[in-house]
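Undergrad: Residue numbers (the working numbering): 292 to 477.
Each residue gets a CB set at the ideal place from its N, CA and C atoms; glycine is no exception.
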């Protein structure tokens, strides 16, 4: 539990939620990561509906973190590292609006920090091209089906997608943020 009892939440998508969830689960200061759907118009969408591309929702994760341990700016640093924010409506072979880069903020401070972070990373020229990341208010978060929660931790070794797509993202995260891992992952 948070040392100050005040967790902050931020919701974002950067491709398949299995990929970003697997990284953020291991990040020191992150209390919970919940896979879900947001940013669309269909109430209570299912995975199949979201994958059809007709709901307007993106696959997202909602991260509850302790701002006394990890800042929102540090959360964004990890986010920009584990997906390509210049790809419109895709991440690698995952194509469709459900895989778009999106930040769904809960308050004006989060919005301003997200916009500032985008400007800083675009100016850094780490990526070739402009960011396509949407920054929009979180209207409703729908928790994904149970089998999507902690997917990599529970089933990753059995799924070739996780070996080919998720594991390289985790490796990239380890290389850059090893000092930010929870002790049990070191």
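Give, in chain order, every unbroken run of the beta strand (DSSP E) that is at least 3 residues long and sits entirely within the segment 331-360.
TA: Taking only runs of at least 3 residues, the beta strand (DSSP E) segments lying wholly in the segment 331-360 are 349-356.
Undergrad: How is residue 418 classed by DSSP in three states: helix, strand or coil?
TA: Looking at residue 418 - three-state DSSP - the assignment turns out to be coil, as it is neither helix nor strand.
Undergrad: Just to confirm, are residue 329 and residue 433 a CB contact at a threshold of 8 Å?
TA: A contact, by the Cβ cut-off of 8 Å.
Undergrad: Can you give the Cα-Cα distance for residue 383 and residue 424, rounded to whole angstroms?
TA: Rounded to the nearest angstrom, the two C-alpha atoms are 15 Å apart.
Undergrad: Please report how far the alpha carbon of residue 304 lies from the alpha carbon of residue 347, in whole angstroms.
TA: Looking at the two C-alpha atoms, the distance is approximately 13 Å.
Undergrad: Do you know how far the Cα of residue 371 is from the Cα of residue 467?
TA: C-alpha separation (whole angstroms): 12 Å.
Undergrad: Quick check on DSSP: helix, strand or coil for residue 303?
TA: It is a strand residue.
Undergrad: Taking only the alpha-carbon atoms, compute the straight-line gap between residue 368 and residue 476 and give it to the nearest angstrom.
TA: So the two alpha carbons sit approximately 19 Å from each other.
Undergrad: On a CA-only basis, which of 311, 436, 418 and 338 is nearest residue 462? Give me that one, please.
TA: The residue with the shortest Cα to Cα distance from residue 462 is 311.
Undergrad: Apart from the five residues just before and just after residue 436, which ones in its own chain have a Cβ nearer than 8 Å to its Cβ?
TA: Contacts found: 337 and 338.
Undergrad: What whole-angstrom Cβ distance do residue 457 and residue 349 have, given they're in contact under 8 Å?
TA: Going by Cβ atoms, the distance from residue 457 to residue 349 rounds to 18 Å, so no, they are not a contact pair.
Undergrad: So, using beta-carbon positions, are residue 363 and residue 404 closer together than 8 Å?
TA: Cβ distance < 8 Å, so residue 363 and residue 404 count as in contact.
Undergrad: Who are the Cβ neighbours of residue 422 in its own chain at under 8 Å, not counting the five residues just before and after it?
TA: Once the five neighbours on either side are set aside, the close Cβ partners of residue 422 are 376, 377, 392, 409, 412 and 413.
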